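Number of protein chains: 2
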Amino acid sequence: MGRPSVKAERTEEILNAFERCVARYGVEGTSLERIAEESGLRRSLLRYYIGNRDEMVEALADRFIARTEGYFRELEAELPEENRIGAMIDHWFTPYEPEDSTTLVAEALIASAERYPVVQGKLRDWYDRLVGYFAAAISADYPDVDKDRCWMVALGIVSIFFNHDSMGSLGLPSRYGKASAEAARLLASTLG
Amino acid sequence: MGRPSVKAERTEEILNAFERCVARYGVEGTSLERIAEESGLRRSLLRYYIGNRDEMVEALADRFIARTEGYFRELEAELPEENRIGAMIDHWFTPYEPEDSTTLVAEALIASAERYPVVQGKLRDWYDRLVGYFAAAISADYPDVDKDRCWMVALGIVSIFFNHDSMGSLGLPSRYGKASAEAARLLASTLG
DNA sequence: CTGATACTTGTCAGATTTGACAATAAATCA
DNA sequence: TGATTTATTGTCAAATCTGACAAGTATCAG
Numbered sequence: 046m047g048r049p050s051v052k053a054e055r056t057e058e059i060l061n062a063f064e065r066c067v068a069r070y071g072v073e074g075t076s077l078e079r080i081a082e083e084s085g086l087r088r089s090l091l092r093y094y095i096g097n098r099d100e101m102v103e104a105l106a107d108r109f110i111a112r113t114e115g116y117f118r119e120l121e122a123e124l125p126e127e128n129r130i131g132a133m134i135d136h137w138f139t140p141y142e143p144e145d146s147t148t149l150v151a152e153a154l155i156a157s158a159e160r161y162p163v164v165q166g167k168l169r170d171w172y173d174r175l176v177g178y179f180a181a182a183i184s185a186d187y188p189d190v191d192k193d194r195c196w197m198v199a200l201g202i203v204s205i206f207f208n209h210d211s212m213g214s215l216g217l218p219s220r221y222g223k224a225s226a227e228a229a230r231l232l233a234s235t236l237g
Numbered sequence: 046m047g048r049p050s051v052k053a054e055r056t057e058e059i060l061n062a063f064e065r066c067v068a069r070y071g072v073e074g075t076s077l078e079r080i081a082e083e084s085g086l087r088r089s090l091l092r093y094y095i096g097n098r099d100e101m102v103e104a105l106a107d108r109f110i111a112r113t114e115g116y117f118r119e120l121e122a123e124l125p126e127e128n129r130i131g132a133m134i135d136h137w138f139t140p141y142e143p144e145d146s147t148t149l150v151a152e153a154l155i156a157s158a159e160r161y162p163v164v165q166g167k168l169r170d171w172y173d174r175l176v177g178y179f180a181a182a183i184s185a186d187y188p189d190v191d192k193d194r195c196w197m198v199a200l201g202i203v204s205i206f207f208n209h210d211s212m213g214s215l216g217l218p219s220r221y222g223k224a225s226a227e228a229a230r231l232l233a234s235t236l237g
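In order, the protein sequence lines correspond to chains A and B.
This note's numbering numbers the first residue of the first sequence as 46 and each following residue consecutively.
This note's numbering numbers the first residue of the second sequence as 46 and each following residue consecutively.
Now the structure itself:
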């Protein structure tokens, strides 16, 4: 009974707007006022549905983590039997799409992590699992190679991927993107 | 004639304070008020010596670029005859020093680059030269290897270095730092 | 001492941001 | 209809931030 709740939709709208702002201005550079404008809702509603500033940041980080984990599990299920790491690199180093700001958001959240200890811990665990996914794919491709060595190569590939994407805001020529992917593949090839 | 100028010193103090703030709160998250507090000077003095917000950011970027370029030229002069890239990796992947926030500042400036077109261009050129320094060292070590391939490996190493440092704010265990350096060396070793 | 130059303090108005809450509107069901 | 639950609007006060500028102070050369 009572009026039906639109909390789920509104929360999505708000966090979408927040995410767009974060990709452009960073976490600290995004005011609640701006999120309200970007989402087309009153600032009071952000407060009503999510809460104050700290709770907004935490909600964004939680959703971001859950979503990217979802991507990874999906991709994992679609991975071929052989050359898994090659497929992962192909997938993650596809040409830069301006509307996908996943890595920018990740970088922004990580950069502000020291101000939000709870978020910091969650992101640290998230990053650890992320490297773990790559390491698992590599280990499946090279079952005879030492696990630590696979993990080290996975970390290198993830690093190259992150950096490649965050430098996107500098407007670098496309040869950077190609060379990044190539470097990641080269790193993986050292295990064969 | 007239009172002797302390512009050089004051400018340094102000930019030092700005840099400390940027490493902690990002460019957009740092107010002039906070810089004033951090530097122990009145906000009016920031305005007097450097200017408004945009000019402060540009001054910080200019100094940052000049300083890191200086580091690179210095290091270049001290490089050994052989295994230059190994020496560079050893130098740049030394254990994380909390007081050195060079990479954090770089990431923060890059993240906010889209808001400051002039700074964006300067940082793009800076990043390009940075990769160039690594590529030159690699080419010197492996004169028979194709220049493009050397450049690609250099980009990979720089990416790993940047990422390794910016993830420092997550408080990752030390094995991450070691593995990053190892991955960079592994990448370089593919050319031999 | 005097003038010239540079530094420093203090203050203002306007704008923005935030947390808080009262009041009102809308939708559902009994 | 009327009770109930949820959504939405509007408004406040306090704090902060910014650009601008007036007024005063310190140091040096001559």
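We put the CB at the ideal spot given by N, CA and C, even for glycine.
Note that the coordinates shown come from a computational prediction; the quantities given were computed from them, not determined experimentally.
- Rounded to the nearest whole angstrom, the CA to CA distance from A181/B to G201/B is 14 Å.
- Counting only the Cα atoms, I205/A lies some 8 Å from A226/A.
- The stretch 158–170 of chain B makes no contact with the stretch 183–193 of chain B: fewer than 3 CB pairs, one atom from each, lie closer than 8 Å.
- The Cβ of G222/A sits no closer than 8 Å to any Cβ of chain B.
- Put simply, the backbone Cα of M212/B is about 43 Å away from that of P49/A.
- With contacts defined as CB atoms closer than 8 Å, L105/A and E64/A qualify as a contacting pair.
- In the structure shown, I59/B falls within a helical segment according to DSSP collapsed to helix, strand and coil.
- Burial state of G74/B is buried, judged by a 10 Å Cβ sphere holding 16 or more other Cβ atoms.
- The Cβ of G237/B sits no closer than 8 Å to any Cβ of chain A.
- Against F207/A, the close residues of chain B are N208, in the order they occur along the chain (beta-carbon pairs closer than 7 Å).
- At least one C-beta of chain A is nearer than 8 Å to the C-beta of M197/B.
- By the rule that beta-carbons nearer than 8 Å mark a contact, A185/B does not touch chain A.
- Chain-ordered, the chain B residues with CB closer than 7 Å to the CB of E73/A read Y70, G71, E73 and G74.
- The three-state secondary structure of I80/B, taken from DSSP, is helix.
- In this structure, DSSP gives E64/B a helical state, which the three-state scheme calls helix.
- At a C-beta separation below 8 Å, R48/B has no neighbours in chain A, since its nearest C-beta there lies roughly 38 Å away.
- Chain-order list of chain A residues neighbouring R169/B: L215, G216 and L217, by C-beta distance under 8 Å.
- Looking only at A229/A, S89/A, H136/A and L217/A, the smallest Cα-Cα distance to E159/B is reached by L217/A.
- Unbroken beta strand (DSSP E) stretches of 3 residues or longer found wholly inside the stretch 158–208 of chain A: none.
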